[in-house]
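Colleague: I have a structure here, written as structure tokens, and I will follow up with some questions on it.
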Amino acid sequence: MDTGSMCTVERRGCVHLITITGAGEHRLGLPLISALRSAVAAVRASPGAGAIVLAAEGKYFSNGFDQAWARTVPRHLHASMSEGFRGLLADLLALPMPTVAAVTGHAAAAGCALALAHDTIVMRASRGFLYMSEVDAGIKIVDYFAELLRQKVPDAATRRDMLLAGSKMTAGEAVRRGVVDATADGSVEDVVATAVAAAEGLAARGWDGEVVAEVRKAMWPAVWGKVKDYGTRSFVLCSRTCIARNCLQ
Amino acid sequence: MCTLEQRGRVFVLTLTGDGEHRLGHPLIASIRSALASVAATAAQANGAGPGAALVTVAEGRFFSNGLDIGWAGTSRARLGELVAALRPVAADLLALPMPTVAAVTGHASAGGFLLALCHDYRVMRADRGVLYMSEVDIGLPLPPYFMALLRAKITAAHALRDVVLRGRKLRAPEAKEMGIVDVVCPGAPETAAEALRLAEELAARKWDGAVYASIRISMFPDACRSVGIVEESDEEKARNFASKL
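Listed below in structure tokens is the structure:
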């Protein structure tokens, strides 16, 4: 499935892999955000979907919001970019299956937040860093970003280094400080393979997806509370009642 | 009581003299005045080019041994006054539009420990001096804003328990392991020098002071609320985003 050429969705067993395509910075403007939300919704409605992996081609995972786009539109539309991103986070938090981010390249600002919004994070060992660039760019941090960081990076010193010092965190440091779960050597494809394998392992546990979603939302109440009103409400009911999730095929 | 000087981009606030630097009304007023001066100078200079930092350092064997309980004596009212008087110092530091470094050059207990915690970074000497939240040993409950700050800055559960519930006295190396201190130096002169060096490095990043303070406040909204700082709304932050495009 190709959602307007901004990202692709493919099945690898019961793992659904969303890949942000192209060699660019994968800036999170409305087009990419919408494409990702469509992809996530498609995975959610997919029979037998056991886990999701989000990855990207090229040097970047995502370099944050699309400021170039924002410069060209009236200010009231900036809110739609931010609201769309909140919606994407809500959709990921409410997803009834384990979520894995394959940080295949640089993840900055909203791109870093997107990676952190997953249950499990695998990061490319040799290249790329996590970077909350806002302090360097002179941009203030809104409350749901701050909550996400507080939830996913509970250590005060690490969070200070990320937010107040604009530290560029390599994979080795990120795993050492507990910000990501694992690193993967090699190319983008190697990182994706590692993330897919991790996702397969989680899917093989055979958890009830609705329970996974409820537990996750309950684990992250502050973040969920700030994004839930922006999430997608209508989902095809048959994904829940008709389709057996069997990942042993 | 305290002096303020500017060394290049770094403001240095020094708690002077060999004593315990007890936080009574006079010293608290001095510190507030110094911090107000720092914030005002930074606000003026920001137009001409941002990039500043604060170092708080102390002379003698103590960083600060806490509130002036000698002055308070048995008077609960007086103790309450001092607790209330220190709160705006915490607010001033948490809202300061620049990076802040505490050079813990001696013992820091109770209110003195809190003062060090109100800074973004802590550099501490290894050879002597402890960080010590003495309240449980003395038999005093912690004021709410003390606890809010401790919870915001000491996030490892066992570390917070040791500090607050066990009154553990921390030397610099263990404090570093617990994530409470950032850099350990051999003695007082090295501590002061390293704090200054770190502050210069941070100032050289030329961060917008108002944005820096805003991000700091967004990191600890509960602690900031507890000391009376009102966080700006997302709308106000959005206006800042638009202005940066």
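Chains A and B supply the protein sequences, listed in that same order.
All you need for my numbering is the position in the first sequence, starting with 1, plus 667.
All you need for my numbering is the position in the second sequence, starting with 1, plus 3.
Each residue gets a CB set at the ideal place from its N, CA and C atoms; glycine is no exception.
(1) If you check the beta carbons only, do B:Met101 and B:Ala55 fall under 8 Å apart?
(2) Tell me whether the beta-carbon of B:Leu199 lies closer than 8 Å to the beta-carbon of B:Leu153.
(3) Which partner residues does B:Gln9 have in the DSSP bridge list?
(4) Between A:Lys807 and chain B, is any beta-carbon pair separated by less than 8 Å?
(5) According to DSSP, which residues form a beta bridge with A:His773?
(6) Can you grab the Cα-Cα spacing for the pair B:Ala88 / A:Pro888, in whole Å?
(7) Using only the alpha-carbon positions, how far apart do A:Ser861 and B:Ile141 sit?
(8) According to DSSP, simplified to helix, strand and coil, what is B:Leu99?
(9) I need the straight-line Cα distance from A:Glu724 to A:Ala746, nearest angstrom please.
(10) From this set, A:Leu869, A:Gly898, A:Val809, which residue's C-alpha is nearest B:Glu235's C-alpha?
(11) Verify whether the separation of the beta carbon atoms of B:Thr19 and B:Glu84 is less than 8 Å.
(12) On the criterion of 16 or more Cβ atoms from any shown chain inside 10 Å, does A:Arg872 qualify as buried, or is it exposed?
(13) What did DSSP end up calling A:Ala866 once you bin it into helix, strand or coil?
(14) With a threshold of 8 Å, are at least 3 pairs of Cβ atoms found where one atom belongs to the segment 814-827 of chain A and the other to the segment 154-161 of chain B?
(15) In this structure, how does DSSP classify B:Leu120 when only helix, strand and coil are distinguished?
(16) Which of the three DSSP states is assigned to B:Glu84 in this structure?
(17) Does the distance from the CB of A:Tyr918 to the CB of A:Val894 come in under 8 Å?
(18) What in chain B is Cβ-close to A:Pro821, meaning under 7 Å?
(19) Mind checking the segment 828-842 of chain A against chain B and listing, in chain order, the residues whose C-beta falls within less than 7 Å of any C-beta there?
(20) Any residues in the segment 203-225 of chain B with a beta carbon nearer than 8 Å to a beta carbon of chain A? Which ones, in chain order?
Modeller: Reading it off the structure:
(1) Judged by their CB atoms, B:Met101 and B:Ala55 are nearer to each other than the 8 Å cut-off.
(2) No Cβ-Cβ contact shorter than 8 Å links B:Leu199 with B:Leu153.
(3) B:Phe14
(4) yes
(5) A:Tyr727
(6) Inter-residue distance for B:Ala88 and A:Pro888 is about 35 Å (C-alpha atoms, whole angstroms).
(7) As written in the sequence, residue 861 of chain A is Thr, which differs from the Ser given in the question. The alpha-carbon atoms of A:Thr861 and B:Ile141 are separated by roughly 54 Å.
(8) Three-state result, B:Leu99: coil.
(9) 28 Å
(10) A:Val809
(11) no
(12) exposed
(13) helix
(14) Output reads yes: the segment 154-161 of chain B touches the segment 814-827 of chain A.
(15) It is helical.
(16) helix
(17) Chain A is shown only over 668 to 916; residue 918 of chain A falls outside these bounds and no answer can be derived.
(18) Thr158
(19) Leu830, Leu831
(20) Leu205, Arg208, Trp210, Asp211, Val214, Tyr215, Ser217, Ile218, Arg219, Ser221, Met222, Pro224
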